[in-house]
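J.: First the structure, then my questions, so here it is.
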Amino acid sequence: MRRRLAVIAVAALSLSACNANSSDGKEDKGGTEKGGTLSILTSASSVTLDPAKSQNLAITTLGLLVRRLTTWDIQPGKTAKVVPDLATDTGTPSDGGRTWTYRLKDNLKFSDGTAITSADIKYGVERSFAPELSGGLSYHKNLLVGNDGYKGPYGGQGLSGIETPDEKTVVFKLKVPYGDWPWLVSMPAFAPVPKAGDAGPQKYGQNPISSGPYQVESYQQGNSLKLKRNPNWDQAGDPVRTAGPDQIVFQLGQDSAVVAQRLIADSGEDRNAFGASFVPPAQLAQIQQNAGAKQRLVTSEPGALAYLALNVTRPGLQDLKVRQAIQYAVDKKAFQVASGGTVGGDIATTLITQGIAGRQQFDLYPADPSGDVAKAKQLIAETGRPAPTLTLLVENGATDVSQAQAIQQGLVRAGFTVNIKTADEEAVTAETTGANADYDLTLASWQPDFPSANGNIQPLFESTEVGNGGYNKSRYVNGEVDALIKQATGETDPARAQGLWAQADKRILQDAPVVPLIYTKNSFLHGSNVQNFFVAGFPAYPNYLKVSLKR
Amino acid sequence: MTAVRFVGGRIVGALVVLLIVSVGTYAVFYLLPADPAQLSCGKPCTPQRLADARAFMGVDVPWWQQYLDFLGGLFAGRTFGSGPAAVHCGAPCFGYSFRLDAPVSTLIADRFAVTFSLATGAAVLWLLLGVGAGVLSAVRRGSAWDRGAMTFAVAGVSAPSYLVGLLGILLFGFTLDMVPVGGYTPFVDSPLDWLWHLVLPWCVLAFLFAAVYARLTRGQMLEVLGEDYIRTARAKGLRERRVVGRHGLRNVLIPVVTVFGLDLGQLLGGAVITERVFSLPGLGSLLLEAVGNVDLPVIVGVTLFSAVLIILANLAVDLLYGVIDPRVTH
Amino acid sequence: MNFDVRKDRWAAAGALTVALFLLAAAFAPVLCAIEGQDPYTYDLDALDSSGVPVGFGGGISADHWFGVEPLTGRDLFAIVVYGARTSLAVGAGATAVAVVLGVLIGTTAGFFGGWYDRVVSRTIDVLFGFPSLIFMIALGAIAPASVPRPLLVVAVVGAFGWPSIARVLRGQTLVLRTRTYVTAAVAMGAGPARVMRREILPNLRATIIVYATTLIPGMIGVEAALSFLGVGVAPPTPSWGRSIGDAIAWVGTDPMFLVFPGGALFLATLAFNVVGDGLRDALDTRTAG
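Residue numbers (the UniProt record's numbering), protein chains in the order written: chain S, 1 to 551; chain E, 1 to 330; chain B, 1 to 289.
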């Protein structure tokens, strides 16, 4: 942003250097140029760096700092694959999917130069059970043997479900067969943590000992996180991380509209930056009229499902007819426009999202994208009661409020009265996932934590996920669906599992606990010096591990 | 002796005020429909893990018990959890943010530097601009300058800060590309960058506040200039500059100092909207984030801190009266 | 009394503007009926595929006098005049709450003195010490959806607005109490209620009127700020503050979306401030010199 001579001079230099070098092959393998300082502009004000507490996807912030047993290979135009990271393969199952064995690669080192051993993996997973370190992705915690009452390694106890027969071998023992386990060990809790370097739960997250290409240089909560190279990281043993920039700076707490404006302007240091937040609809429209910025806009394939959850426990929504009426009354077109138009997403009719293996396309409530008001009114008339008054709880961001109003005006057409209640993001999450559900409707968006139909269905519709922090925001309980989910989760044959998930998809929508709205497309903007910036269908976020700068 | 008793009385009063503010804050924020433990339970969560997180954070007891724990922490420090992994927060413990993994006092100290930079820089600007413009307007009453300045001032008083701030960003940040947009660099890292990032927020705040001060100063000055002793001074043949400077300004300063103390005290406690508009990581931003994250320890800590600042500012104003105008006795 | 013609012209213009806003707010449904629009109906046909209004100046036309809102196609003129309703009603309501509380508490504290006065003074200190904006945000977050938002905003903004007027009235009452005609009335056996009503309040009338007028623009500003921060009146009830918050992001593509609500808020606040200045000059001979 700043106009200073030095910056202009540097920019000019790099521009000419780039012209001179574009064809003479100064790039190293994989087309990644090395060097420079990459800025990542984000609205988040703090970053959770402790692997036990992190909910990061494998390809974002924490993936730059720590490696896990497996990780994701995300390439443009290809489906997401789980690939070995610290381990030599994605895991060898035995005992019908109850035991998973991993071997570590050779010559693995932490940033302090010490060797990474199987004990460090075990210790890292054990830490994630400590109440002091709660908050991370916890799928593994329900599965590992010995999890009952286990409170982490700080009291001296180990977890019996993890065995380390030698320095290079880790064996996980599960209570039930779990076909997607190779995806789970790509989660942050499966990053190695050296026991000797763990100064306690409140200290470790300030500067975790790194196993990836970068380590923390400085971290000022609310302001910036600076990463520098980890000299002990070996490129040869890490095929997924390209580690282009010499330094990566996260600018924290930035307004997402201002970030988009800065990246549209593309001046000074912002040429070396990209935005980690979605580009808001207003800036999307602005970019459509700006050819230069349009080239730097990267839109994902349709990914996360945006849906309207109907709280089926509320008096007004216990009647299936009323919920079906809502399916017809909702104006998906207006919702789509409020989300940025066609660049914001495609109209959705199913729960399993596009790009997930085994998805079947169907529409139980066929109607024009703007809804079928007559059909909705007819269904309401069949109930013999007037359409109920409903409270719609949403986050107070500008886009959320526009989306809520789009839903509201759609339902009003069929005779519903809808009161919008806004609250901060965390407060909405707390209310919709907590015990006291004082809402009838809420807007939500769900991107699976791993690319399997399991991730689309189980967290949102199993009866165990109601309240207590679970994401079953419709509070939908159906024994038949629970049984289907259980059967599909334990199924190790992918084709058969996929068939079961598709069956669950239809069965759930027959009860109409949610209205699928759109499969959202996420748009991100980057500066003109940023290279290798792409967004796949799953996950619909940029792959931080491959981004580099033009030199 | 009376001065000592005065200050002592004020301090006791201040402590009572702080106690009420802290009880009020606790009670109000406890009613939020959000369970802080639930937000850090992880995904997916189970009832057992939720209960563990609640117990560890000390939120599994009624709010008044939590408040007493908080008061106890102020004097004796607190320990969360038990065993080798326990989190210690030494006295005076203003609470511990589990979300940010830091004692609230540390967080406040980190963020206060930003707010302090913002508030003091802007205060210097607006005092100079506001009082200067006000005095000039009063002295040249009815002139083109007076009319222009006062029109400008009434516009400044009427304009919402976020609108002025955002338009400033659009004009100077994007269209003219003169200053950086958003962010903060600590003074010790680079004084130039520090200055560069703060110029626009300073100017915006100063514009809005200077308008208030210009109107206030002008009004007071006109009143003072109409008083008998000024007429006497003029009649004695003193030069106008001396009349205004010596006799006028001194009396104008009392209301200005009163308002200034309150304004500065409030700003130092967090300029919520300005910090948000300019993405400045100050106390106001910390507080807004904390409200959003239901981070109760941070909310209470920052609220109390800002109340302390306002009370100190009040006290300073009272003491300053004596310096400006020796006739004022306590 | 001072009859500065130019000042009076200013004040008159301010009063006229205030009157126009009041009329627009009162007759918002009529005005919208003439235009043939309302602030709630979506018109997606007025937008292009990325949600931007089609046509000149954000879709200004004979149908949409101020154009339409991006992403929804709702009529901006209707939103602005209904927004005037929200802003003025909340501003006036909150001012009324603050003035009533301020007069009751301030005059009684000044009149009776003693421990009651000390309690009031401390309470005023406490309220000045509260980061009130954060409190309003928090209250906005905890209030159940069944509580009407406009009432909540009026109550909360008013509850934090009374200390300044109470402090001033307390000071003036302290002075009035020592005046001979008050002591005379008391000596003749008049009860405190009668003295307050007959002797004190009439003498405070000018101060109260001036203070109320100068409070209104501030209150309008607070409502707009709360809506800007997303905790004011609930959507889709139009509010200038929320429109401004939305419009800022669109200023590059649809500047008129910001100009109309932003201009309305600025003009209304300015007009009230000018009227307030005029009243102060007219009623307070001291500052008019």
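Built from N, CA and C at the ideal position, the CB exists for glycine as well.
(1) Quick check: the Cα distance between residue 291 of chain B and E/VAL224, rounded to an integer number of angstroms?
(2) Mapping the DSSP letters down to three states, classify S/GLU491 as helix, strand or coil.
(3) Can you list, in chain order, the residues of its chain with a C-beta nearer than 7 Å to that of S/TYR123? Leave out the 5 residues immediately preceding and following it.
(4) Any idea what DSSP makes of residue 575 of chain S, helix, strand or coil?
(5) Roughly how many angstroms separate the alpha carbons of S/ALA435 and E/PHE98, rounded to a whole number?
(6) Pull up the distance between the alpha-carbon of E/ALA206 and that of E/VAL256, whole angstroms please.
(7) Below 8 Å between beta carbons: does that hold for S/LEU500 and S/ALA309?
(8) Terminal residues of the continuous beta strand (DSSP E) containing E/VAL87?
(9) Relative to the alpha-carbon of E/GLY81, which residue among S/GLN202, S/THR342, S/SER210 has its alpha-carbon at the smallest distance?
(10) Classify B/MET188: buried if its beta carbon has 16 or more other beta carbons within 10 angstroms, exposed otherwise.
(11) Can you name the residues of chain B whose CB is closer than 7 Å to the CB of E/GLY269?
(12) Terminal residues of the continuous alpha helix (DSSP H) containing E/ASP69?
(13) Report yes if the C-beta distance between B/GLU223 and B/GLY230 is below 8 Å; otherwise report no.
(14) The alpha helix (DSSP H) spanning S/ASP166 covers which residue range?
(15) With three or more C-beta pairs closer than 8 Å as the rule, is the segment 248–268 of chain B touching the segment 47–59 of chain B?
(16) With distances taken Cα to Cα, identify the nearest neighbour of S/GLU382 among S/LEU392, S/LYS321, S/VAL279.
(17) In the segment 278–302 of chain E, which residues sit with their C-beta less than 7 Å from some C-beta in chain C, listed in chain order?
(18) Taking only the alpha-carbon atoms, compute the straight-line gap between S/GLY344 and B/VAL210 and give it to the nearest angstrom.
(19) Would you say E/LEU262 faces chain B, with C-beta separation under 8 Å as the test?
(20) In terms of alpha-carbon separation, which member of S/LEU108, S/VAL82, S/HIS140, S/ILE59 lies closest to S/ARG98?
(21) Quick check: the segment 387–406 of chain S against the segment 331–343 of chain S, are there 3 or more CB pairs under 8 Å?
(22) With 8 Å set as the bound, which would you pick, yes or no: does the beta-carbon of B/THR86 sit closer than that to a beta-carbon of chain S?
(23) Please report whether the beta-carbon of S/THR422 lies at a distance below 8 Å from any beta-carbon of chain B.
(24) Would you say S/THR242 faces chain E, with C-beta separation under 8 Å as the test?
(25) Could you give the first and the last residue of the continuous beta strand (DSSP E) run that contains residue 554 of chain S?
(26) Between the Cα of S/THR242 and the Cα atoms of S/LEU525, S/VAL259, S/LEU317, S/GLY35, which residue gives the shortest distance?
(27) Measure the alpha-carbon distance for E/ALA144 versus E/GLY132 and round it to whole angstroms.
(28) In this structure, does DSSP put E/ILE230 in helix, strand or coil?
(29) Check the Cβ-Cβ distances between B/GLY161 and every residue of chain E, and say whether any is below 8 Å.
(30) Determine the closest residue to B/GLY245 out of E/VAL164, E/GLY8, E/VAL114, E/SER40, with distance taken between C-alpha atoms.
(31) S/GLU126: buried (16+ other C-beta within 10 angstroms of its C-beta) or exposed?
(32) Could you tell me which of S/GLY479, S/PHE461, S/ASN478 sits nearest to S/ALA471, measuring between CA atoms?
(33) Taking the beta carbon of B/THR108 as the centre, do at least 16 other beta carbons fall within 10 Å, making it buried, or is it exposed?
(34) Please report the distance separating the alpha-carbon of S/PRO386 from that of S/ALA488.
(35) What separation, rounded to the nearest whole angstrom, lies between the Cα atoms of S/SER277 and S/HIS526?
(36) Decide if B/VAL30 is buried, meaning its Cβ has at least 16 other Cβ atoms within 10 Å, or exposed.
T.: Reading it off the structure:
(1) Shown here, chain B extends from 1 to 289; a query on residue 291 of chain B therefore has no answer.
(2) coil
(3) Spatial neighbours of S/TYR123 in its own chain (CB-CB distance under 7 Å, excluding positions within 5 residues in sequence) are listed in chain order as PRO153, VAL193, LYS195.
(4) The requested residue 575 of chain S does not occur in the structure, where chain S is confined to residues 1 to 551.
(5) Spanning the alpha carbons of S/ALA435 and E/PHE98 requires a straight line of approximately 22 Å.
(6) Taking the straight line joining both Cα atoms gives about 15 Å.
(7) Going by C-beta atoms, S/LEU500 is not nearer than 8 Å to S/ALA309.
(8) 87–89
(9) S/GLN202 is the residue among S/GLN202, S/THR342, S/SER210 whose C-alpha sits nearest the C-alpha of E/GLY81.
(10) Classification for B/MET188: exposed.
(11) PRO131
(12) For E/ASP69, the enclosing alpha helix (DSSP H) has its first and last residue at 63–76.
(13) no
(14) Per DSSP, S/ASP166 belongs to no alpha helix (DSSP H); it is in the beta strand (DSSP E), 162–166.
(15) yes
(16) Relative to the Cα of S/GLU382, the nearest Cα in the group S/LEU392, S/LYS321, S/VAL279 belongs to S/LYS321.
(17) Among the protein chains in the structure shown, which are S, E and B, there is no chain C.
(18) S/GLY344 and B/VAL210: Cα-Cα distance of roughly 51 Å.
(19) Answer yes: the Cβ-Cβ gap between E/LEU262 and chain B drops below 8 Å somewhere.
(20) S/HIS140
(21) Short answer: they touch.
(22) Not one beta carbon of chain S lies nearer than 8 Å to the beta carbon of B/THR86.
(23) yes
(24) no
(25) Nothing about residue 554 of chain S can be read from this structure; chain S reaches only from 1 to 551.
(26) S/GLY35
(27) 16 Å
(28) Judged by DSSP in its simplified three-state form, E/ILE230 adopts helix.
(29) no
(30) E/VAL164
(31) Buried is the call here.
(32) Checking the sequence, you will find Tyr at residue 471 of chain S rather than Ala. The option with the nearest alpha carbon to S/TYR471 is S/PHE461.
(33) buried
(34) 40 Å
(35) 11 Å
(36) exposed
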